[in-house]
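Data first, discussion second: the structure below is written as structure tokens.
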Amino acid sequence: MKKLINSRFLFAVPALVFLFIFVLLPVFSVFVMSFFSWDLLSPPKFTGWDNFLRLLEDKWFWNSIWVSIKLLMMTVPMCFFVPLALAVCLYKETTFSKILRAFFYWPYMMPAVAGTTMFKWLLSYDLGLLNHIIKSAGFSPVPWLLKPTPALFAISLLRTWGMTGLLMMMFITGLQSVPEEFHEAARVDGANRWQTFWYVTFPLLKNTNLLVLTTAIAHVFRDFAGVYVLTGGGPGYSTMVTPLYIYNTAFTQWRIGYAYAMSVVFLLVSFVIAVVTLRVRER
Amino acid sequence: MKYFKWISLFLIAALAVSAVAAKIKLVVWCGGGTEREGLEAAIVEYKKQNPDVEFELVDVPYAQYEQKVRLGIMSGDLPDLVTITYPYAPGYMQYMIDLRPYIQKHLGITPDQYLKAMYDVTAVRIVDTKGEIRYVPLHFTMQCLWVNADYFKKAKIPFPPFGGRSEPWTWEEFVDVLKKVKEANNLPYAMSMQRTAERLFCYLGIRGVKILDENLEFMLDKDPRAKQVLEEFISLFKENLMVPAEWIAAQDPNMAFTGGLTAVLWAGSWSTLDLLKAEKNFVPAYLPKDAEWLSCEGGRFFGAFKTGKQDREEAAAKFALWIGWKGLGYDIYLKKTYHMSAYKEHEVDYDKEVMKQVQAVCGRLAEVTPNWVVTVRNSTVYSRLQTPIVSQMSAVIAGQMNLDEAIKNIRKEYEKLVAELGGKK
Numbered sequence: 000m001k002k003l004i005n006s007r008f009l010f011a012v013p014a015l016v017f018l019f020i021f022v023l024l025p026v027f028s029v030f031v032m033s034f035f036s037w038d039l040l041s042p043p044k045f046t047g048w049d050n051f052l053r054l055l056e057d058k059w060f061w062n063s064i065w066v067s068i069k070l071l072m073m074t075v076p077m078c079f080f081v082p083l084a085l086a087v088c089l090y091k092e093t094t095f096s097k098i099l100r101a102f103f104y105w106p107y108m109m110p111a112v113a114g115t116t117m118f119k120w121l122l123s124y125d126l127g128l129l130n131h132i133i134k135s136a137g138f139s140p141v142p143w144l145l146k147p148t149p150a151l152f153a154i155s156l157l158r159t160w161g162m163t164g165l166l167m168m169m170f171i172t173g174l175q176s177v178p179e180e181f182h183e184a185a186r187v188d189g190a191n192r193w194q195t196f197w198y199v200t201f202p203l204l205k206n207t208n209l210l211v212l213t214t215a216i217a218h219v220f221r222d223f224a225g226v227y228v229l230t231g232g233g234p235g236y237s238t239m240v241t242p243l244y245i246y247n248t249a250f251t252q253w254r255i256g257y258a259y260a261m262s263v264v265f266l267l268v269s270f271v272i273a274v275v276t277l278r279v280r281e282r
Numbered sequence: 000m001k002y003f004k005w006i007s008l009f010l011i012a013a014l015a016v017s018a019v020a021a022k023i024k025l026v027v028w029c030g031g032g033t034e035r036e037g038l039e040a041a042i043v044e045y046k047k048q049n050p051d052v053e054f055e056l057v058d059v060p061y062a063q064y065e066q067k068v069r070l071g072i073m074s075g076d077l078p079d080l081v082t083i084t085y086p087y088a089p090g091y092m093q094y095m096i097d098l099r100p101y102i103q104k105h106l107g108i109t110p111d112q113y114l115k116a117m118y119d120v121t122a123v124r125i126v127d128t129k130g131e132i133r134y135v136p137l138h139f140t141m142q143c144l145w146v147n148a149d150y151f152k153k154a155k156i157p158f159p160p161f162g163g164r165s166e167p168w169t170w171e172e173f174v175d176v177l178k179k180v181k182e183a184n185n186l187p188y189a190m191s192m193q194r195t196a197e198r199l200f201c202y203l204g205i206r207g208v209k210i211l212d213e214n215l216e217f218m219l220d221k222d223p224r225a226k227q228v229l230e231e232f233i234s235l236f237k238e239n240l241m242v243p244a245e246w247i248a249a250q251d252p253n254m255a256f257t258g259g260l261t262a263v264l265w266a267g268s269w270s271t272l273d274l275l276k277a278e279k280n281f282v283p284a285y286l287p288k289d290a291e292w293l294s295c296e297g298g299r300f301f302g303a304f305k306t307g308k309q310d311r312e313e314a315a316a317k318f319a320l321w322i323g324w325k326g327l328g329y330d331i332y333l334k335k336t337y338h339m340s341a342y343k344e345h346e347v348d349y350d351k352e353v354m355k356q357v358q359a360v361c362g363r364l365a366e367v368t369p370n371w372v373v374t375v376r377n378s379t380v381y382s383r384l385q386t387p388i389v390s391q392m393s394a395v396i397a398g399q400m401n402l403d404e405a406i407k408n409i410r411k412e413y414e415k416l417v418a419e420l421g422g423k424k
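Sequence order for the protein chains is X and L. Mapping the first sequence onto numbering that gives the first Met the number 0, position 51 (from 1) lands on 50, and the numbers just tick up by one. Mapping the second sequence onto numbering that gives the first Met the number 0, position 357 (from 1) lands on 356, and the numbers just tick up by one.
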């Protein structure tokens, strides 16, 4: 038995070493460096809790956390129900559904910056295709990226567009693993399509739902490229999500230690959200 | 005889190896695109004259450039030569070799003559506090206006200096011109401008307002004219003379200008290549003159890192001076990249006529720009204040915040930065 445990441990060693070097060590260094003032040029200076105290008074940082949470609340429901609906329509193995699956998966394969630039052109107030169509129809153009709420909605839409393919494939895998006998039994009992889905299929997708939710939350919460290219955090600070605020602090102001302190707080907020999500799902 | 043949072969091989070993290979970090093309073109010529030097050009993406340089400095893993964007040049000076001893040796002139040959605003950038010369100009840029000459012709409005007017507009005249050209051509807007603190700095400077004074004191809430001048800037967006999307959503200003939605682009000499591609009748023009007449300079500099290896430093300094001096590699670089020269009275034989106009317009603006424009912008506190300035102004233009609140917020950021830096520097 002891031998078996030892050999199991040995097999896990490469993965553990990888995890230690590329995950635990960087996280640990973030914690340590958050107590320093550093501009990546001169040697780091220990400043104790200064960065964290400064953070408490930084209203734009807390604003960025709130913007990130708002974006999460707007995007996650879309990232859940749109792929679910598509998966329900496309999970059966037909040539047509395979083509459509590839079509919906394609945005996920596209580099984030390319996809976002395309969106930016599409949504431009003066030069965008969307407003061109709206104007041609005789309506006033929509200030998609010029007002806070439409701008946040545009980011949310962009994220949903980019994620739908991946999440749809997760749901399709989940749906295909539900035994057909359950559906047949429900039909025999007189359940219609909606009842079969809601009372039989959906509860059986519990694990897939959890996977989709956590994946969507992680992707939305850490999104940087989309916001950076589409709005740059504007108008004003209305789409300034925390990763972008941290990036600006670190790499345009070169306040690396302060940015690390922000990362620590952001990590804790992410952790709380992850725990809450899991608890809610369990219930 | 048999042994003689083998010994000869061995000697020839040894000689070949030693010849290769004697060659110095200089590693150069540069931005990609036209900068690389310009360097490559110059290197081809340099290698003809100096066959003992080899080069390795390493492209570093713009977004990661400064991180890579800083990490290189921290780790000691440095190239021999590096191109540096102007805001970062002061921070790296201490790591660069002093080029003064090499100027006399390789260019045959004194360091003083070298500095006097270039525009003052460039000379201020490349010299450190001890008077040591740390960089050569690689390319030099000045902010200027670009006008769509066809729109101005239709509106029958002359523009300076190549559109029938010699003197710059006053600010009042300029706003009036924007209104007229917009109306005559039925345009949605009159002028495009990128959302940067540098453009705002230039606008405020022209209007006689400083964000920071020469002592790096924050002035926007102290100067009684500042608020009024900023309000006039914001009203340009409200009156649709400027494009709100450019300052609210960071829309690329070239899109509106090349797309024909605006008649004027407040950009600079660096825009030449992009604007040439549009194949329209775009002409450079003077920035307006109000309380002051000035512009903001920029560009990239070329420096040789202190590597501690004498022969490599010597070779790097020689190449840097060759590529950064008029009439030598600098001309090859400029002709390839369509950048203006950092040297006074330096005529480059460009194959595009517009470059002569760019040199004349921007050269004149470089001459009139006072040195405080450079020294203030060289400071760390200004460099770090740029992001808050842009965000706050963007919020005001978007109507999310009033100007007083924005100025107060920028003041707070300024104080935080000064406290963090341990002084105004």
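No residue lacks a Cβ here, since even glycine has one placed at the ideal position from N, Cα and C.
For the alpha helix (DSSP H) that Cys-201/L lies in, which residues bound it at each end? As a position in the second sequence, residue 201/L is number 202, starting the count at 1. Run containing Cys-201/L: 196-205, per the alpha helix (DSSP H) assignment.
Gly-31/L CB to nearest chain A CB: under 8 Å? Of the protein chains in this structure, namely X and L, none is chain A.
In chain order, what residues of the same chain have a beta carbon less than 6 Å from the beta carbon of Ala-18/L, not counting five sequence neighbours either side? Residue numbering aside, residue 18/L sits at position 19 when the second sequence is read from its first letter. Because Ala-18/L sits at a pLDDT of 49, beneath the cut-off of 50, its placement in the model cannot be relied upon, and the point is left open.
Buried versus exposed call for Ser-135/X [16 or more other C-beta atoms within 10 Å across all chains shown]: Stepping through the first sequence from its first residue, residue 135/X is reached at position 136. It is exposed - the Cβ of Ser-135/X has fewer than 16 other Cβ atoms within 10 Å.
Are the segment 240-251 of chain X and the segment 396-403 of chain L in contact at 8 Å, needing three or more beta carbon pairs? no
Measure from the C-beta of His-124/X to each C-beta in chain L and report whether the shortest distance is under 8 Å. Counting from one through the first sequence, the residue named residue 124/X turns up at place 125. The displayed chain sequence assigns Tyr, not His, to residue 124/X. Closer than 8 Å to some Cβ of chain L, the Cβ of Tyr-124/X qualifies, so yes.
To test your reading of the DSSP string, which unbroken alpha helix (DSSP H) runs of 4 or more residues are found completely within the segment 168-195 of chain L? 170-183
How many Å lie between Phe-196/X and Thr-172/X at the Cα? Residue mapping note: residue 196/X aligns to position 197 of the first sequence, counting from 1. Residue mapping note: residue 172/X aligns to position 173 of the first sequence, counting from 1. Rounded to whole angstroms, Phe-196/X to Thr-172/X spans 16 Å at the Cα level.
Measure the C-alpha to C-alpha separation of Cys-78/X and Leu-204/X and round it to an integer number of angstroms. Along the first sequence, read from residue 1 onward, the residue named residue 78/X stands at position 79. Along the first sequence, read from residue 1 onward, the residue named residue 204/X stands at position 205. If I take the Cα positions, the gap works out to 16 Å.
Paired residues, beta bridge with Trp-28/L - DSSP: The residue you call residue 28/L lines up with position 29 of the second sequence. DSSP output for Trp-28/L lists Val-57/L, Val-81/L as bridge partner(s).
Which of the three DSSP states, helix, strand or coil, is assigned to Lys-288/L? Here residue 288/L corresponds to residue number 289 of the second sequence, with the count starting at 1. In the structure shown, Lys-288/L sits in a strand (DSSP, three-state: E or B).
Beta-ladder partner(s) of Gly-138/L, from DSSP: Reading the second sequence from its first residue, position 139 is the one you call residue 138/L. Here the sequence assigns His to residue 138/L, which means Gly is not the residue at that position. DSSP lists Arg-299/L as partners of His-138/L.
Give the C-beta separation of Ile-396/L and Trp-246/L to the nearest angstrom, bearing in mind that I take them to be a contact with Cβ-Cβ under 8 Å. Sequence index remark: in the second sequence, residue 396/L carries index 397 (1-based). Sequence index remark: in the second sequence, residue 246/L carries index 247 (1-based). Contact flag correct, Cβ pair sits at about 5 Å.
Separation of Pro-13/X from Ser-6/X, as counted between CA atoms: As a working mapping, residue 6/X is identified with position 7 in the first sequence. As a working mapping, residue 13/X is identified with position 14 in the first sequence. Rounded to the nearest angstrom, the two C-alpha atoms are 13 Å apart.
Could one say the Cβ of Arg-376/L lies closer than 8 Å to chain X's Cβ atoms, at least one of them? Translated into the one-based positions of the second sequence, residue 376/L becomes position 377. Arg-376/L does not count as touching chain X.
On a CA-only basis, which of Thr-195/L, Val-228/L, Ala-314/L is nearest Glu-431/L? Give me that one, please. Examination of residue 431/L is not possible in this model, given that chain L is present from 0 through 424 alone.
Per DSSP, the bridge partner or partners of Ile-132/L: Position 133 of the second sequence holds residue 132/L. According to DSSP, which records beta bridges pairwise, Ile-132/L is partnered with Val-126/L.
Rounding to the nearest angstrom, what Cα-Cα distance links Val-367/L and Leu-156/X in this structure? Mapped onto the second sequence, residue 367/L falls at position 368. Mapped onto the first sequence, residue 156/X falls at position 157. Using only the alpha carbons, I get a separation of about 49 Å.
Proximal residues of chain L, C-beta to C-beta of Asn-247/X below 8 Å: As a first step, residue 247/X must be located in the first sequence, where it is residue number 248. Ordered by position in chain L, the residues that pass the 8 Å Cβ test against Asn-247/X are Thr-386.
To the nearest angstrom, how far is it from the Cα of Thr-386/L to the Cα of Ile-406/L? Taking the second sequence and counting its residues from 1, one reaches residue 386/L at position 387. Taking the second sequence and counting its residues from 1, one reaches residue 406/L at position 407. Thr-386/L and Ile-406/L: Cα-Cα distance of roughly 14 Å.
Might you give, ordered along the chain, the residues of its own chain that have their beta carbon closer than 8 Å to the beta carbon of Lys-155/L, omitting 5 neighbours on each side? For this step, residue 155/L is matched to residue 156 along the second sequence. Only Ala-183 meet the Cβ criterion.
Have a look at Phe-232/L and Ala-150/X and give me their C-alpha separation to the nearest angstrom. Stepping through the second sequence from its first residue, residue 232/L is reached at position 233. Stepping through the first sequence from its first residue, residue 150/X is reached at position 151. If I take the Cα positions, the gap works out to 24 Å.
Considering Cα atoms alone, identify which of Lys-237/L, Leu-144/L, Tyr-94/L is closest to Asp-127/L. Counting from 1 along the second sequence, the entry for residue 127/L is found at position 128. That would be Tyr-94/L, whose Cα lies nearest to the Cα of Asp-127/L.
DSSP three-state call for Pro-110/L: helix, strand or coil? Indexing the second sequence from 1 puts residue 110/L at position 111. Here Pro-110/L sits in helix by DSSP.
Proximal residues to Arg-280/X (C-beta, below 6 Å), its chain only, five neighbours per side dropped: Position 281 of the first sequence, counted from the first residue, corresponds to residue 280/X. Answer for Arg-280/X: Leu-209, listed in chain order.
Cβ shell of Val-268/X (< 7 Å), same chain only, five flanking positions each side left out: Taking the first sequence and counting its residues from 1, one reaches residue 268/X at position 269. So the qualifying residues of the chain are Ile-64.
Select from the segment 244-256 of chain L all residues with a C-beta closer than 7 Å to any C-beta belonging to chain X, and list them in chain order. Ala-244, Ile-247, Ala-248, Ala-249, Gln-250, Met-254, Ala-255
Between Thr-241/X and chain L, is there a C-beta pair that is closer than 8 Å? Position 242 of the first sequence, counted from the start, is the residue given in the question as residue 241/X. By this cut-off, Thr-241/X is not an interface position.
Element boundaries [beta strand (DSSP E), containing Ala-266/L]: Residue numbering aside, residue 266/L sits at position 267 when the second sequence is read from its first letter. Ala-266/L -> beta strand (DSSP E) spans 263-267.
Neighbouring residues, chain X, relative to Val-242/L (Cβ below 8 Å): Here residue 242/L refers to the residue found at position 243 of the second sequence. Near Val-242/L (Cβ distances below 8 Å), the residues of chain X are Asp-125.
Under a three-way DSSP split, which group does Ala-18/L fall into? For the purposes of this step, residue 18/L is identified with residue 19 of the second sequence, where counting begins at 1. The predicted position of Ala-18/L is uncertain, since its pLDDT is 49 and thus under 50; a value taken from the coordinates is nonetheless stated next. Helix.
Are Asp-289/L and Trp-170/L close, meaning C-beta to C-beta below 8 Å? Locating residue 289/L in the second sequence gives position 290, where the first residue counts as 1. Locating residue 170/L in the second sequence gives position 171, where the first residue counts as 1. Yes; because the gap between Cβ atoms is below 8 Å, this pair is in contact.
Proximal residues of chain L, C-beta to C-beta of Ser-36/X below 9 Å: Working through the first sequence from its first residue, we reach residue 36/X at position 37. Here the neighbours are Glu-419.
Compute the beta-carbon to beta-carbon distance between Gly-297/L and Ala-319/L, rounded to the nearest angstrom, for a pair I have assumed lies under 8 Å. In the second sequence, residue 297/L corresponds to position 298, counting from 1. In the second sequence, residue 319/L corresponds to position 320, counting from 1. No, Gly-297/L and Ala-319/L are not in contact; Cβ-Cβ is about 19 Å, not under 8 Å.
Beta carbon proximity, Ile-83/L to chain X, threshold 8 Å: Numbered from 1 along the second sequence, position 84 holds the residue referred to as residue 83/L. Chain X contact via Cβ: absent.
Report yes if the C-beta distance between Phe-151/L and Gln-356/L is below 8 Å; otherwise report no. Translated into positions along the second sequence, residue 151/L becomes position 152. Translated into positions along the second sequence, residue 356/L becomes position 357. Contact: no.
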